[in-house]
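Each residue of the sequence shown is one higher than the one before, starting from 1 at the first, in the UniProt record's numbering.
Here is the structure we will look at.
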Amino acid sequence: MPVTQFDTKEKYRYQCGFNAHFESEAVAGALPVGHNSPQQPAFGLYAEKLSGTAFTAPRHENKQTWLYRILPSCAHPPYRPSAEGAAPELVRNEGSDKMHYIPNQLRWDPFSHDEARDHDFVSGLKLVAGAGDPTQKQGLGMYVYAAGRDMDDRAAFYSADGDLLIVPQEGDLDVRTELGCLLVRQMEIAVIPRGVKYQVRLLSGSARGYALELYQGHFNLPELGPIGSNGLANARDFLAPVAHFSQDFGPTAHEGGGNEYTVTVKFNNALFETTQGHTPFDVVAWQGNYYPYKYDLGRFNTMGTISFDHPDPSIFTVLTAPSGVAAGTAVADFVIFPPRWLVGEDTFRPPWYHRNTMSEFMGLIRGGYDAKRGGAGGFVPGGASLHNGGSITRPAED
């Protein structure tokens, strides 16, 4: 059956589709009919537009969602720099923490749960690789995360730098966003768009995994070409949340009566925060095509040879972020190597030796990878490897 059998049962409702225009209301009548910004929205709500692209982006690329919320997002004091050490390895800008670029092949052992005991999802993010510059909306950042506690009940986080692709390796994540809730389990992925506030709870006591922050553009499904109209990741299998809100707010925007919420933002690779007297999760209804979503990797329809040789690993692309530089050239491709039959005749069984123009960052969710040795000292779940552009990628000697 092409679906993952999860230990944790689903507890939320979703809308199905990819890059679709959805609408959802937690209270009937909260969505306006026929226009976006009525003079007096229903129930005294505020209409607020969240843009994911320039206003004048081509229609097929334009990303936007209208939110109908209890209080507007601007109802807070100015942001201030977060305390030093708030998330010590989330950003690397200066001195010895600055990103270093080397051509050597690199491998990381799984990151320790013990070291992450006091970290939540955000403070547990560690930037390990990347390229480009979020101030120019170019490039990406590669993270691993290890967390041992929930985010605070009155905390929220968002990134102004890019969309975050989350790949759990251990532990289920209960993600509450402004647009609704996502349960993200091992063998599922989630994407939280730039600017969307969220909060993460751990359902298993601890969690570990990988994340990719996309500074440039947004993820899309790859073109299928000669494959035809179906295959790889199908649009119907992507799930978006339905509206879900709370009404916890103080008497004014600036006076929360001691019940303040802390909102932290990653902005140009630095952290800032503010406090406000109302919950950021007060969106009663929304409509648009810019929203968080998740996908079960067990539903990926794998393609491969039934004669000889290995096709390029691009046939395993789940999501791609087009660069706009040249057709078929991506800022990042998210690729998986799922269980599959290898039946090529007279063919070197492991993936071939190759040197790519693209850098390859690889993690292991579970099982093993057919080109790398597992076990002690090898490539194991929770570990990672990096082969930068031009560096040889090869199967393990044994």
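Even for Gly, the Cβ is constructed at its ideal location relative to N, Cα and C.
Quantities reported herein were computed from a predicted structural model and do not represent experimental measurements.
{"Item": "At least three beta-carbon pairs within less than 8 Å, the stretch 292 to 302 to the stretch 74 to 87", "Value": "no"}
{"Item": "Length of the line joining the Cα atoms of residue 38 and residue 303", "Value": "48 Å"}
{"Item": "Own chain partners of residue 134 with C-beta closer than 7 Å, once the 5 adjacent residues on each side are dropped", "Value": "161, 162, 215, 268 and 269"}
{"Item": "Endpoints, the beta strand (DSSP E) within which residue 181 is located", "Value": "180 to 184"}
{"Item": "Whether residue 328 touches residue 108 by CB criterion (7 Å)", "Value": "no"}
{"Item": "Proximity winner among 227, 386 and 387, relative to residue 316 (alpha-carbon distances)", "Value": "227"}
{"Item": "Whole-number beta carbon distance between residue 173 and residue 200, since they are thought to touch under 8 Å", "Value": "5 Å"}
{"Item": "Beta bridge counterpart(s) of residue 198 as assigned by DSSP", "Value": "157 and 177"}
{"Item": "Residue 135 in three-state terms, based on DSSP", "Value": "helix"}
{"Item": "Pairwise C-alpha distance: residue 277 and residue 251", "Value": "Note on residue 251: pLDDT 49, under 50, position unreliable in the model; the coordinate value appears next. The straight-line gap from Cα to Cα measures roughly 7 Å."}
{"Item": "Proximity of residue 101 and residue 211 at Cβ, strictly below 7 Å", "Value": "no"}
{"Item": "Which of helix, strand or coil DSSP assigns to residue 83", "Value": "coil"}
{"Item": "Residue 346 versus residue 305 - alpha carbon distance", "Value": "12 Å"}
{"Item": "Nearest to residue 204 (by Cα), restricted to the options 178, 189 and 169", "Value": "169"}
{"Item": "Span of the beta strand (DSSP E) around residue 362", "Value": "360 to 363"}
{"Item": "Proximity to residue 3 [Cα-Cα], best of 339, 67 and 353", "Value": "339"}
{"Item": "Assigned secondary structure, residue 71 (DSSP; H/G/I helix, E/B strand, else coil)", "Value": "coil"}
{"Item": "Through-space distance from residue 26 to residue 13, alpha-carbon basis", "Value": "12 Å"}
{"Item": "Residue range of the unbroken beta strand (DSSP E) whose run includes residue 322", "Value": "317 to 322"}
{"Item": "Cβ neighbour criterion (16 or more within 10 Å) applied to residue 44", "Value": "exposed"}
{"Item": "7 Å Cβ cutoff met for residue 213 and residue 197", "Value": "no"}
{"Item": "Supposed contact pair residue 219 and residue 320 - C-beta distance, whole angstroms, cut 8 Å", "Value": "7 Å"}
{"Item": "DSSP-derived helix/strand/coil call for residue 345", "Value": "coil"}
{"Item": "Whole runs of the beta strand (DSSP E) within the stretch 9 to 43, excluding any shorter than 3 residues", "Value": "14 to 16 and 22 to 25"}
{"Item": "Inter-residue CB distance, residue 183 and residue 48 (contact presumed, cutoff 8 Å)", "Value": "That belief does not hold up - the Cβ atoms of residue 183 and residue 48 are roughly 26 Å apart, past 8 Å."}
{"Item": "Closest by C-alpha distance to residue 367, when choosing among 359, 311, 357 and 378", "Value": "378"}
{"Item": "Separation of residue 285 from residue 125, as counted between CA atoms", "Value": "31 Å"}
{"Item": "Anticipated Cβ contact below 8 Å, residue 123 with residue 87, distance rounded", "Value": "4 Å"}
{"Item": "Cβ-Cβ distance between residue 295 and residue 65 below 7 Å", "Value": "no"}
{"Item": "Assigned secondary structure, residue 237 (DSSP; H/G/I helix, E/B strand, else coil)", "Value": "helix"}
{"Item": "Given residue 158 as reference, the closest of 140, 32 and 121 once Cα atoms are compared", "Value": "121"}
{"Item": "Coarse secondary structure for residue 385, derived from DSSP in three states", "Value": "strand"}
{"Item": "Secondary structure of residue 332, DSSP reduced to three states", "Value": "strand"}
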